[in-house]
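J.: In terms of our numbering, the sequence shown opens at residue 60 and continues consecutively. The beta carbon of each residue, even a glycine, is placed where N, CA and C say it ideally should be. These numbers were taken from a predicted model, which means no experiment stands behind them. Before I ask anything, here is the structure I am working with.
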Amino acid sequence: MSMFASLGKKPTENNYPFPAWPAHIILVVEDALRLASKSAEGLLGGKAKLLAATEEQITASIQNTLHEILSDGTIVDGFTSDIFQSISRNESVEDYTGAYLDKQPDLTFKLVGQCKPHQGLYCECKILDKTHPVRNYLYDGLSRFVTGKYAWAMQHAHMIGYVRDQNLSTINLTTYLAQNNKAEGKTHSDCLQIQGVPVIKPNDLVYTSHDRRFKLMRLSTNPNATPINIRHLWLNI
């Protein structure tokens with residue numbers, strides 16, 4: 060049979076979700092993100108311009124620095140081109156239904172050899188300051204993972220907060236999740252289908268787990284979406 064016999068045919072179904080990334084690889088990504096965020100002020104032209112910068116401008120500066128770190132291969136231990144294949148920004152992906160083709164997670168990390176669609180570490184980035192509240196971070200950011208806009212084939216993803224208000228900390232996130240959402244008549248944790256209690260990691264990390272109630276009828280013989288684990292990395296920039 061020709062090696063091209065399958066071209067033009069419906070892709071073979073994958074067994075979703077894809078395996079979770081090893082914990083030590085995720086920690087390497089977080090170390091690289093922390094370091095890259097420190098360069099944002101200089102790349103954007105100073106503190107005043109950083110405070111006025113858009114989310115896209117900050118993310119682009121961080122992506123550029125991540126590429127430099129990756130190319131060097133010695134700056135962050137483990138963040139090397141023999142492990143990481145690419146770091147893309149606003150890469151278009153399908154949502155879980157396949158009806159929407161242009162969903163764009165802010166950053167996507169791919170490991171070497173991971174060439175399948177929807178396989179990667181997806182990151183949604185949000186500014187946090189007086190004009191960008193935690194509510195926006197949750198309902199314009201985190202909810203995209205919970206509702207299958209992207210990372211629907213993965214077991215985990217990242218929320219990255221660009222903290223421009225030094226009065227904000229990860230405690231604000233857990234406090235907000237416990238508050239009542241008047242529009243829904245339940246807590247924000249309930250609205251975002253959080254399982255259990257959010258765990259505060261040292262300093263800049265919060266860990267949450269979310270039920271996902273959509274079905275992968277289009278792609279999988281096991282249609283129920285699995286829960287997704289989110290690591291919230293808040294970067295003081």
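Here's a check: name, in chain order, each residue in its chain whose Cβ is nearer than 6 Å to the Cβ of H177, leaving out the five neighbours to either side.
T.: For the purposes of this step, residue 177 is taken as residue 118 along the sequence shown, with counting starting at 1. The residues are A212.
J.: Just reading off the beta strand (DSSP E) that Y266 is part of, what are its end residues?
T.: By 1-based counting over the sequence shown, the position of residue 266 is 207. Per DSSP, Y266 belongs to the beta strand (DSSP E) from L264 to H269.
J.: Just checking, does the stretch 85-101 make contact with the stretch 118-130 on the three C-beta pairs under 8 Å criterion?
T.: The answer is yes - the stretch 118-130 touches the stretch 85-101, with three or more Cβ pairs under 8 Å.
J.: Please report the straight-line C-alpha distance between L292 and Y196, rounded to a whole angstrom.
T.: As a position in the sequence shown, residue 292 is number 233, starting the count at 1. As a position in the sequence shown, residue 196 is number 137, starting the count at 1. Cα to Cα, L292 sits roughly 12 Å from Y196.
J.: If you follow the beta strand (DSSP E) that T133 is part of, which residue opens it and which one closes it?
T.: Looking up residue 133 in the sequence shown gives position 74. From DSSP, T133 is part of no beta strand (DSSP E); its letter is neither H nor E.
J.: What does N239 pair with, by DSSP beta-bridge criteria?
T.: For the purposes of this step, residue 239 is taken as residue 180 along the sequence shown, with counting starting at 1. For N239, which the question treats as bridged, DSSP gives the partners T246.
J.: Measuring CA to CA, which of K260, G200 and D154 is closest to K208?
T.: Indexing the sequence shown from 1 puts residue 208 at position 149. The shortest Cα separation from K208 among K260, G200 and D154 belongs to D154.
J.: Skipping 5 residues on each side, what residues in its chain have a beta carbon closer than 6 Å to that of T285?
T.: In the sequence shown, residue 285 corresponds to position 226, counting from 1. The answer, listed in chain order, is P76.
J.: Taking the straight line between their C-alpha atoms, what separation do you get for N226 and P282?
T.: Against the sequence shown, residue 226 aligns to sequence position 167. Against the sequence shown, residue 282 aligns to sequence position 223. Taking the straight line from one Cα to the other gives about 43 Å.
J.: What distance in whole Å lies between the Cβ atoms of I296 and R223, which are believed to be in contact at a cut-off of 8 Å?
T.: Locating residue 223 in the sequence shown gives position 164, counting from the first residue. Locating residue 296 in the sequence shown gives position 237, counting from the first residue. Between I296 and R223 the Cβ distance is about 6 Å, and since that is below 8 Å, they are a contact.
J.: Ignore the nearest five residues each way along the sequence and tell me which others in I134's own chain have a CB closer than 6 Å to its CB.
T.: Locating residue 134 in the sequence shown gives position 75, where the first residue counts as 1. Counting only Cβ-Cβ distances below 6 Å, and skipping sequence neighbours, we find I128.
J.: Would you mind stating whether T229 and A237 have Cβ atoms separated by less than 8 Å?
T.: Counted from its first residue, the sequence shown places residue 229 at position 170. Counted from its first residue, the sequence shown places residue 237 at position 178. For T229 and A237, no; Cβs fall outside 8 Å.
J.: How many Å lie between N149 and L180 at the Cα?
T.: Walking along the sequence shown from the start, residue 149 turns up at place 90. Walking along the sequence shown from the start, residue 180 turns up at place 121. Using only the alpha carbons, I get a separation of about 13 Å.
J.: What I want to know is whether the C-beta of A111 ends up closer than 7 Å to one or more non-hydrogen atoms of the ligand MG.
T.: Only the bare structure without any ligand can be found here, which leaves the ligand MG out of the picture.
J.: Buried or exposed: where does L201 fall if 16 or more other Cβ atoms within 10 Å of its Cβ makes it buried?
T.: For the purposes of this step, residue 201 is taken as the residue at position 142 of the sequence shown. Buried, by the Cβ-count rule.
J.: Give the straight-line distance between the Cα atoms of Q163 and A95, rounded to the nearest whole angstrom.
T.: On the sequence shown, residue 163 is found 104 positions in, with the first residue counted as 1. On the sequence shown, residue 95 is found 36 positions in, with the first residue counted as 1. If you take the alpha carbons of Q163 and A95, they lie about 21 Å apart.
J.: On a Cα-Cα basis, can you pick out the residue from D249, K274 and R290 that is closest to K260?
T.: Residue numbering aside, residue 260 sits at position 201 when the sequence shown is read from its first letter. It is R290.
J.: Which residues in the same chain have their Cβ closer than 8 Å to the Cβ of P257, if we skip the five residues on either side of it in sequence?
T.: On the sequence shown, residue 257 is found 198 positions in, with the first residue counted as 1. If we look at P257 and ignore the five residues flanking it on each side, its Cβ neighbours are L232, T233, L236, S248, V265, Y266 and T267.
J.: Does the Cβ of G220 have 16 or more other Cβ atoms within 10 Å, making it buried, or fewer, making it exposed?
T.: As a position in the sequence shown, residue 220 is number 161, starting the count at 1. Buried, because 16 or more other Cβ atoms sit within 10 Å of the Cβ of G220.
J.: Taking 8 Å as the threshold (C-beta atoms), are K185 and E114 in contact?
T.: As a position in the sequence shown, residue 114 is number 55, starting the count at 1. As a position in the sequence shown, residue 185 is number 126, starting the count at 1. Contact: yes.
J.: List the DSSP bridge partners of G220.
T.: Counting from 1 along the sequence shown, the entry for residue 220 is found at position 161. According to DSSP, G220 bridges with K185 and W293.
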